[in-house]
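Colleague: My structure is below; once you've seen it, I'll send some questions.
Residue numbers (full-length UniProt numbering): 1 to 278.
And the structure:
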């Protein structure tokens, strides 16, 4: 697939047996999916469940991706506790668990030649939201230096409450303020077009406002996180902003194809090519 952007496909969002190209690969096995992504011209891999995979499988994936010229764009920073208030921990036990999690993420990033770890946190009902935002900011500052040494980027992702309620960062403004307060290249904003739109923002304008803070971009259309071009977003305007601000990173395709068949996946790839070839 030849476009003006470099895309990454996922190895499963809602479930590990539902990768982006589930029907175009030989199977849903990660190695077969890596081959499928490379065969169809994608540049990277997103794997939210990478940390849960056995070490031997991680090593095999790293070798296959290097051989096929694919980059690991991001993985779930803590897939077992992503909706718990780990990143906003203020107690010794929580901070120790967070340190162990970041250390493991650094090891993975080094194995894959650098990557981003998605950082979200659940909302603790016993503490004020503002105190938790401050605590997460301080924890990101605390681990930023280790992330740099490990080739890791900590990606702060705001999640629309209409999509996933009960998370700490449910406003784009809070995520931007956090990244700017930490002020280190190893802590960046994850800009998801679907979540930003569901928060009520004009996506091209929001992208322009925070372009300097972005470490990774994800594409999904609305409503219901559908394939780009099947929903309501103005993709020509979004692409113009991405080009204007000279984003050089990979763009993750963070949706499951509306048509979950081999033919549907082919049409999805062709649609992306038409939309982003100009």
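For glycine and all other residues, C-beta sits at the position ideal for the given N, C-alpha and C.
Can you list, in chain order, the residues of its chain whose CB lies under 7 Å from that of residue 42, leaving out five sequence neighbours each side?
Modeller: Result list for residue 42: 1, 7, 8, 9, in chain order.
Colleague: Using 10 angstroms around the beta-carbon of residue 93, count the other beta-carbons present and answer buried if the total reaches 16, otherwise exposed.
Modeller: It counts as exposed.
Colleague: Just curious, the beta strand (DSSP E) that residue 119 is in, first and last residue?
Modeller: 115–119 is the span of the beta strand (DSSP E), which, as asked, contains residue 119.
Colleague: From residue 106 to residue 208, what distance separates their C-alpha atoms?
Modeller: Taking the straight line from one Cα to the other gives about 30 Å.
Colleague: What residue range does the beta strand (DSSP E) around residue 217 cover?
Modeller: Where residue 217 is concerned, the enclosing beta strand (DSSP E) stretches over 214–219.
Colleague: Using only CA atoms, which one of 32, 36, 98, 47 lies nearest to residue 15?
Modeller: Comparing Cα positions, the closest option is 47.
Colleague: Ends of the alpha helix (DSSP H) at residue 101?
Modeller: 92–111 is the extent of the alpha helix (DSSP H) around residue 101.
Colleague: With contact counted as at least three CB pairs below 8 Å, one residue from each stretch, are the stretch 114–121 and the stretch 72–88 in contact?
Modeller: Short answer: they touch.
Colleague: At what residues does the beta strand (DSSP E) containing residue 319 begin and finish?
Modeller: Given a span of 1 to 278 for the chain in the structure shown, any question on residue 319 remains unanswerable.
Colleague: If distances are taken between C-alpha atoms only, which option among 60, 147, 111, 205 comes closest to residue 98?
Modeller: Ranking the options by Cα distance to residue 98, first place goes to 147.
Colleague: Is residue 290 helix, strand or coil by DSSP?
Modeller: Residue 290 lies beyond the residue range present for the chain, which begins at 1 and ends at 278; the question has no answer from this structure.
Colleague: Sort 20, 49, 51, 53 by Cα distance to residue 37 and report the nearest one.
Modeller: Residue 20 is the option with its Cα nearest to residue 37.
Colleague: Could you give the C-beta distance for residue 199 and residue 171, rounded to a whole number, given that I count them as a contact under 8 Å?
Modeller: Right, the Cβ-Cβ distance comes to about 7 Å (below 8 Å), so this counts as a contact.
Colleague: If you reduce the DSSP assignment to three classes, tell me which class residue 252 lands in.
Modeller: Reduced to three states, the DSSP call for residue 252 is strand.
Colleague: With DSSP collapsed to three states, give me the class of residue 28.
Modeller: Coil.
Colleague: Do residue 45 and residue 24 come within 8 Å of each other at the CB atom, strictly closer than that value?
Modeller: Result no, Cβ atoms of residue 24 and residue 45 do not sit closer than 8 Å.
Colleague: Could you tell me which of 164, 31, 260 sits nearest to residue 289, measuring between CA atoms?
Modeller: The shown model of the chain, from 1 to 278, leaves out residue 289, and the question about it has no answer.
Colleague: Taking the runs of the alpha helix (DSSP H) that are 4 residues or longer, which of them lie wholly in the stretch 127–199?
Modeller: Entirely contained in the stretch 127–199, the alpha helix (DSSP H) runs reaching 4 residues are, in chain order, 129–149, 172–182, 193–198.
Colleague: Please determine, among 225, 192, 13, the residue with the shortest C-alpha to C-alpha distance to residue 215.
Modeller: Closest option to residue 215, Cα to Cα, is 192.
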